[in-house]
Amino acid sequence: MAHAAVMRPPAPAEPGAGVYNAKLGMWVFLGSEVMFFTALIGSYIILRFGNEQYWAQPAQILNVPITAFNTFWLICSSVTMVKAFAAAQDGNQKALRGWLVATVVIGAMFVGIQAYEYAQLIHLGFLPSGYRAGSELAEAAAAGTPYHGSALPASVSLYGATFYTMTGFHGFHVTMGVICMAFVTWKAFRGSYTATDHRGVEVIGLYWHFVDLVWIILFTIVYLI
Amino acid sequence: MEQTEHAKHPPYVGIFAALAVLTALELGVAFFENWPKRVIILVLVFLAIWKALLVALYYMHLRFEPNRLRILALAPLPLAVILVIAVITEYVW
Amino acid sequence: MNWLLPGGVSTFAGDIDRLYYVILGITGAAFVIVEVALIWFLIKYRARPGRKAYYTHGSVKAEVIWTTVPAVVVVMIGILSGGVWNQIRGRDSVPPGALPLAVHAKQFEWLVTYPGPDGQLGTDDDFERRNDLRLPVDTPMVIALTSEDVIHSFFIPEFRVKQDVVPGMTIRAWFEATATGEYSLACAELCGNGHTTMGGTVTVLSLDEYTQWLADPSRTVASR
Amino acid sequence: MATMAATIDHAHAHVDDRSFLRKYIFSTDHKIIGIQFLMLSLLFLLIGGLLAMMMRWELGFPTQPMPGGTLLPETMAPGGILLPEFYNSLVTMHGTFMVFFAIMPLLVGVFANYLIPLKLGAPDMAFPRLNMASFWIAVPAGVLMLAGFFVEGGAAGAGWTSYAPLSANAEYSGVSLGQELWCLSLVVLGLSSILGATNYITTVINMRAPGMTWFRMPLSIWSLFITAILTLLAIPILSGAAIMLLFDQTIGTTFFLPAEGGQPLLWQHLFWFFGHPEVYILILPAMGMVSDIIANGARKPIFGYHSMVYAIIGIGFLGWIVWGHHMFQSGMNPTLGTTFMISTMLIAVPSAIKTFNWLGTLWRGNIRLHVPMLHACAFVAMFVIGGLSGVYMASTPVDIYIHDTYFIVAHLHYVLFGGSLFALFGAITFWYPKMFGRMMNPLLGKAHFWLTFLFYNLTFFPMHELGLQGHMRRIYDPTQYAFLQHLQPLNEFITLSAFLLFAVQLIFAVNFIMSWWNGKKASPNPWEDTGLEWSTPSPPPHGNWPETPTVHHAPYEFSSPLVQEDYLMQNRKVEGAPAAAASRTE
Ligand code: HEA
Ligand code: HEA
Ligand code: CUA
Ligand SMILES: [Cu+2]
Chain A
14 MAHAAVMRPP
24 APAEPGAGVY
34 NAKLGMWVFL
44 GSEVMFFTAL
54 IGSYIILRFG
64 NEQYWAQPAQ
74 ILNVPITAFN
84 TFWLICSSVT
94 MVKAFAAAQD
104 GNQKALRGWL
114 VATVVIGAMF
124 VGIQAYEYAQ
134 LIHLGFLPSG
144 YRAGSELAEA
154 AAAGTPYHGS
164 ALPASVSLYG
174 ATFYTMTGFH
184 GFHVTMGVIC
194 MAFVTWKAFR
204 GSYTATDHRG
214 VEVIGLYWHF
224 VDLVWIILFT
234 IVYLI
Chain B
37 MEQTEHAKHP
47 PYVGIFAALA
57 VLTALELGVA
67 FFENWPKRVI
77 ILVLVFLAIW
87 KALLVALYYM
97 HLRFEPNRLR
107 ILALAPLPLA
117 VILVIAVITE
127 YVW
Chain C
32 MNWLLPGGVS
42 TFAGDIDRLY
52 YVILGITGAA
62 FVIVEVALIW
72 FLIKYRARPG
82 RKAYYTHGSV
92 KAEVIWTTVP
102 AVVVVMIGIL
112 SGGVWNQIRG
122 RDSVPPGALP
132 LAVHAKQFEW
142 LVTYPGPDGQ
152 LGTDDDFERR
162 NDLRLPVDTP
172 MVIALTSEDV
182 IHSFFIPEFR
192 VKQDVVPGMT
202 IRAWFEATAT
212 GEYSLACAEL
222 CGNGHTTMGG
232 TVTVLSLDEY
242 TQWLADPSRT
252 VASR
Chain D
221 MATMAATIDH
231 AHAHVDDRSF
241 LRKYIFSTDH
251 KIIGIQFLML
261 SLLFLLIGGL
271 LAMMMRWELG
281 FPTQPMPGGT
291 LLPETMAPGG
301 ILLPEFYNSL
311 VTMHGTFMVF
321 FAIMPLLVGV
331 FANYLIPLKL
341 GAPDMAFPRL
351 NMASFWIAVP
361 AGVLMLAGFF
371 VEGGAAGAGW
381 TSYAPLSANA
391 EYSGVSLGQE
401 LWCLSLVVLG
411 LSSILGATNY
421 ITTVINMRAP
431 GMTWFRMPLS
441 IWSLFITAIL
451 TLLAIPILSG
461 AAIMLLFDQT
471 IGTTFFLPAE
481 GGQPLLWQHL
491 FWFFGHPEVY
501 ILILPAMGMV
511 SDIIANGARK
521 PIFGYHSMVY
531 AIIGIGFLGW
541 IVWGHHMFQS
551 GMNPTLGTTF
561 MISTMLIAVP
571 SAIKTFNWLG
581 TLWRGNIRLH
591 VPMLHACAFV
601 AMFVIGGLSG
611 VYMASTPVDI
621 YIHDTYFIVA
631 HLHYVLFGGS
641 LFALFGAITF
651 WYPKMFGRMM
661 NPLLGKAHFW
671 LTFLFYNLTF
681 FPMHELGLQG
691 HMRRIYDPTQ
701 YAFLQHLQPL
711 NEFITLSAFL
721 LFAVQLIFAV
731 NFIMSWWNGK
741 KASPNPWEDT
751 GLEWSTPSPP
761 PHGNWPETPT
771 VHHAPYEFSS
781 PLVQEDYLMQ
791 NRKVEGAPAA
801 AASRTE
């Protein structure tokens, strides 16, 4: 809903939190986002804590190289985002637009790469419900033959469920972000942001960096641990 | 970090570099065979928290916000911790 | 009919009921104080023409009193409860000599596995009864509760026993009946369309009647 | 505060030339949105009530054809006899509608929307468009939930708590689509609530009029503020859990199914981690508005205003660390049970503070027993009963016996109906003139109050007794159990009282609707109250005030020696009044 906050007609900051409404509102909203991911990530931690035997080794099923690249890629989009914000502060319209476009493009590509990753995993036979019967993974697991180093767990239904839920909802957030970002970019091209009032850029930036931050956590605990 | 305090913009690119390096470090550690899993996990979490902090403090410029806002931003975290810890005790009982 | 708790026939029924009456006394007092004060004030201070209310913003002394008193009282209730709770559910609350039974819940029945003559579960003289729980009087019983499908709740009102039965977990519940007779077993957790019918009978026998019955389950025992 | 005035001029043209559609349907005016929520949630209150009536018939006269029951489709009540599966849907939907679609929107959707800007001296919410979105998202959520009754397999039937695995796998309950709609609807409603909460919090922090310092905010606003924080942080947990449950139902995941390590108890932990804050979401605003009304009725400042504020905050915080008290018998780690028992007990303390401060406010007052005041006092009387019964359940050993019995049902109706709903009847009567410019009829109001009060207690008090006799909740036919048969007369009595209780609600409905056009025209301040909202016409114009009011006084300056009248409005400047506190954000 970030864009809704952005659409607020400009008004000088009222005292109170010491920041203007849209920014405060975004931080408040992010508070609830934190709790949403708490539900997902918390469940993951809890379920995994009790069922280590149902978890595969890092990189055994998941494609870490491509995700590592995607992580790096998302960090890039964060730096382009702050660059855009800095440009807005300096009132440098040209740079602002350039950086925003870059951010939108990179964000969209992140989603694309994740979609590719999903396709690959599903092809392998790794589903939210566990192994796909008859798939390469299912066979290896049944046979107990080493697969990328060690034997696969007997079942990965929890692994799959938590993996797809967490990364899926992160992907969903990125998609939302890209849409809102496209809207902000469009406004930027209409010259809506000045050196004195560029709240839209700052607010969408907050959301964008939050999503990046969540990914930093997810990448570590889902792919590397 | 000190001199950047006064610079007009925080060292955004420098932080970007730091994030990239930390990510590389993580990858290194994660597949470092001859460490016990426990240690690896601890190190990884430590690194991840560092990355998260960099993003929150500089990219989300919490570092330059009034305290009220920082508190507001951190408020939900204790609740998250309470939930996870309480439920995990189900397994250790 | 008895307007308070129905008679309890297990060793910890007494403690639970006592606790209940303690709380009844305390909350009863709180209830009377509040309601009486409320009604009394409403009548005594009802609006009268040409009169202004007494202008005050409160009194620290009063605040302190009605903060600390309830605090002390509830903590006290908490401590009392904690003790009883540990006797019933504490880590090592199950008495050493307790006789084992296994109860498997499924939509919508209770399957009771008896150890058979040897008194050991998991041996091949075990046998099963449906919705028919029999146990000896004055003997601690420990029951391993498992579920086939959904969550049920093992409820014997007169014993003051209630324990949810969760699929995927084996939950041990123990109790000791103090009087022979027929009681009801009920399911206290919504478990589907047949929830309302998921009942059984609990028959408490004398110890030797029970052992005899274990030896020869076909034999029906007169239960009093 | 020139900037503030500027904001208003900027945000709202004073001449109101909006089309009908923008003005009444897709309005961004917090007052209109509040009224829209009022209509929506009263409708759901009515539906929830009707479902309750069907349940009561079944419980009072088990497996007997229900009058008019033949109108229901065969899949629900063949020959007018309710089916067990339909009964389960009734219980579930009754609880769900009442909690999520009646009381919660009534308290938060209606009064947070209507009161926050008006009581803080703001022209509107911080994000008017977001506000409109939050209402128009709530509507489809309600439709989705209702749709359950009309789909294959019927509406969700696993209780409003939807415990897994029963709720997670259609094989167990026979309900598939209905249960999925339940999850979906709550996720959608959750979005609406979160948008609302974001708006309320921002508005309270940032949009207070000059002089409206934190400790000059009326208790209604304080409680709505804390409630918004609870909503903001609790609802996402439910959304997350509901989504996982939805996946278990649809795409074969096993979060809450015991197979391969899934955790049925995890659902309960997530649900109640949300659920207990939720029940405080359902009582805090009621407490706040009752405080406003009681101060007004007693013509006295609230006794111990500051401790009232800290009590609200205390309840709000403690609410997060007690959820386990719903799971004492669930097979949860017993040591955890003890911890949760202590934290739960402690909640009695802030509640006690509030209760006794209400009494302190009445003490030596000059009490006007107008209709809102009657309801407010009933709130105190009934909430105490519900609260005290909570202490029995908080005591883990006693809870072993009364858990999942009608003792719980009695408790929850004492706090939710005797508490929240009485407060709401009072609040609706109190702010009706501000909303619609007309007074509700006091005679009908009194009649409705006394009859409701009577039949309410006749309906719910005996449920304690049922519970003590071991009568389980959520059972379709009590006569199935030998040890419950002797309770059937009591069940019949409760049922008849419930029917009468429902019937007398008609008085309220009539009063509510008729007063709309033939009610006595309301002056700006009919109750002689001190709040800012009474300093603008009834109903207030778009933008609320020509220019922002300035606040000079604490919220409840009744019978102040400074003035002749027995009330001193917050924005009235009088010589010799204590100077405004230094900063409006201290
Ligand atoms: C508005 C909603 C609301 C409120 C305010 C409360 C308030 C409280 N509730 Fe309640 N509760 C529910 C709604 C609410 N509850 C619902 C809906 C359920 C059922 C859910 C389901 O399973 O469907 C439930 C269930 C429930 C349970 C689970 C029972 C079970 O399933 O086994 C417990 C257990 O501890 C409990 C406890 C309490 C306590 C201790 C309070 C306390 O906050 C009460 C504090 C107030 C007082 C104590 C009274 C005032 C104080 C005094 C007059 C001072 C003197 C008092 C003393 C010295 C003790 N509640
Ligand atoms: C605020 C919440 C609320 C309210 C008001 C009610 C109201 C009622 N409830 Fe409800 N009830 C719950 C919340 C509520 N309930 C919950 C959460 C459960 C647990 C569900 C579960 O176990 O999963 C429950 C369960 C429950 C049970 C237990 C079922 C079981 O376990 O098998 C019973 C049984 O008698 C019952 C009865 C009633 C009755 C007779 C009313 C009567 O008071 C109803 C009277 C009618 C009204 C209050 C509506 C009147 C209409 C208006 C005033 C609107 C006017 C219209 C206009 C102005 C246009 N309820
Ligand atoms: Cu089994 Cu209810
Ligand atoms: Cu609770």
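These protein sequence lines map, in sequence, to chains A, B, C and D.
Every position in the first sequence, counted from 1, becomes a number in the numbering used here once 13 is added.
Every position in the second sequence, counted from 1, becomes a number in the numbering used here once 36 is added.
Every position in the third sequence, counted from 1, becomes a number in the numbering used here once 31 is added.
Every position in the fourth sequence, counted from 1, becomes a number in the numbering used here once 220 is added.
By construction, the Cβ of each residue, glycine as well, lies at the ideal position given by its N, Cα and C atoms.
When you compare the CB of residue i with every CB in chain B, is at least one pair closer than 8 Å?
{"i": "Met552 (chain D)", "result": "yes"}
{"i": "His691 (chain D)", "result": "no"}
{"i": "Leu415 (chain D)", "result": "no"}
{"i": "Ile541 (chain D)", "result": "yes"}
{"i": "Val117 (chain A)", "result": "no"}
Under 9 Å Cβ-Cβ, which residues of chain D neighbour residue i?
{"i": "Thr178 (chain A)", "result": "Gly460, Ile463, Met464, Phe467, Thr473, Phe475"}
Which residues of chain B have a Cβ atom closer than 7 Å to the Cβ of residue i, listed in chain order?
{"i": "Lys96 (chain A)", "result": "Tyr48"}
{"i": "Trp356 (chain D)", "result": "Those within 7 Å of Trp356 (chain D) in chain B number zero; the least Cβ separation is about 27 Å."}
Could one say the Cβ of residue i lies closer than 8 Å to chain D's Cβ atoms, at least one of them?
{"i": "Thr125 (chain B)", "result": "yes"}
{"i": "Thr42 (chain C)", "result": "no"}
{"i": "Arg255 (chain C)", "result": "At Arg255 (chain C), the pLDDT of 39 sits below 50, so the modelled position is not reliable and the matter cannot be decided from this model."}
{"i": "Tyr67 (chain A)", "result": "yes"}
{"i": "Leu98 (chain B)", "result": "no"}
Go to residue i, then tell me how far its alpha helix (DSSP H) extends in each direction, as first and last residue.
{"i": "Gly315 (chain D)", "result": "304-316"}
{"i": "Trp71 (chain C)", "result": "44-75"}
{"i": "Tyr810 (chain D)", "result": "Nothing about residue 810 (chain D) can be reported from this structure: the residues present for chain D run from 221 to 806 only."}
{"i": "Ser261 (chain D)", "result": "250-280"}
{"i": "Gly120 (chain A)", "result": "106-137"}
Here's a check: name, in chain order, each residue in its chain whose Cβ is nearer than 7 Å to the Cβ of residue i, leaving out the five neighbours to either side.
{"i": "Val79 (chain B)", "result": "Val65"}
{"i": "Phe642 (chain D)", "result": "His595, Ala598, Phe599, Met602"}
Between residue i and the rest of its own chain, which residues show a CB-CB distance below 6 Å, the 5 nearest in sequence each way excluded?
{"i": "Phe467 (chain D)", "result": "Thr473"}
{"i": "Ala332 (chain D)", "result": "Tyr420, Leu444"}
{"i": "Ser148 (chain A)", "result": "Gly138"}
{"i": "Trp277 (chain D)", "result": "Met286"}
Residues in its own chain within less than 8 Å of residue i by CB, not counting five upstream and five downstream?
{"i": "Val125 (chain C)", "result": "Pro171, Val173, Arg203, Trp205"}
{"i": "Val11 (chain A)", "result": "Since the first residue shown for chain A is 14 and the last is 238, residue 11 (chain A) is missing from the structure and cannot be characterised."}
{"i": "Gly218 (chain A)", "result": "Met94, Val95, Ala97, Phe98"}
Could you work out which residues of chain D lie near residue i, taking near to mean beta carbons separated by less than 7 Å?
{"i": "Ser205 (chain A)", "result": "Chain D residues near Ser205 (chain A): none, gap ~16 Å exceeds 7 Å."}
Could you work out which residues of chain B lie near residue i, taking near to mean beta carbons separated by less than 9 Å?
{"i": "Gly44 (chain A)", "result": "Leu108, Ala109, Ala111, Pro112"}
Let me see if you follow: with CB-CB separation under 8 Å, is residue i close to chain A or not?
{"i": "Ala346 (chain D)", "result": "yes"}
{"i": "Leu78 (chain B)", "result": "no"}
Taking C-beta pairs closer than 9 Å, name the residues in chain A that residue i reaches, listed in chain order.
{"i": "Gln549 (chain D)", "result": "Residues of chain A passing the Cβ test: none, with the nearest at roughly 21 Å."}
Residues of chain D with a CB under 8 Å from the CB of residue i: which are they?
{"i": "Glu66 (chain C)", "result": "Ala601, Val604"}
Using a Cβ-based criterion (distance less than 7 Å to any ligand heavy atom), does residue i qualify as near ligand 5?
{"i": "Thr58 (chain C)", "result": "Although ligand 5 was asked about, the structure shown includes only ligand 1, ligand 2, ligand 3 and ligand 4 as ligands."}
Tell me the residue span of the beta strand (DSSP E) that contains residue i.
{"i": "Pro171 (chain C)", "result": "171-178"}
{"i": "Lys137 (chain C)", "result": "130-137"}
Step through the CB atoms of chain C and report whether any lies within less than 8 Å of the CB of residue i.
{"i": "Asn419 (chain D)", "result": "no"}
Are the stretch 506-518 of chain D and the stretch 405-422 of chain D touching by the rule of at least three beta carbon pairs closer than 8 Å? The way I'd put it, the stretch 506-518 of chain D doesn't touch the stretch 405-422 of chain D; fewer than three beta-carbon pairs between them come closer than 8 Å.
At least 3 beta-carbon pairs within less than 8 Å: the stretch 141-156 of chain C vs the stretch 219-227 of chain C: Three or more Cβ pairs closer than 8 Å define a contact, and the stretch 141-156 of chain C falls short of that threshold against the stretch 219-227 of chain C.
Stretch-stretch touch, CB-based, cutoff 8 Å, three pairs: the stretch 79-97 of chain A with the stretch 168-178 of chain A: No, the stretch 79-97 of chain A is not in contact with the stretch 168-178 of chain A.
The stretch 422-431 of chain D contacting the stretch 339-346 of chain D, beta-carbon criterion three pairs below 8 Å: Three or more beta-carbon pairs separated by less than 8 Å link the stretch 422-431 of chain D to the stretch 339-346 of chain D, which places the two stretches in contact.
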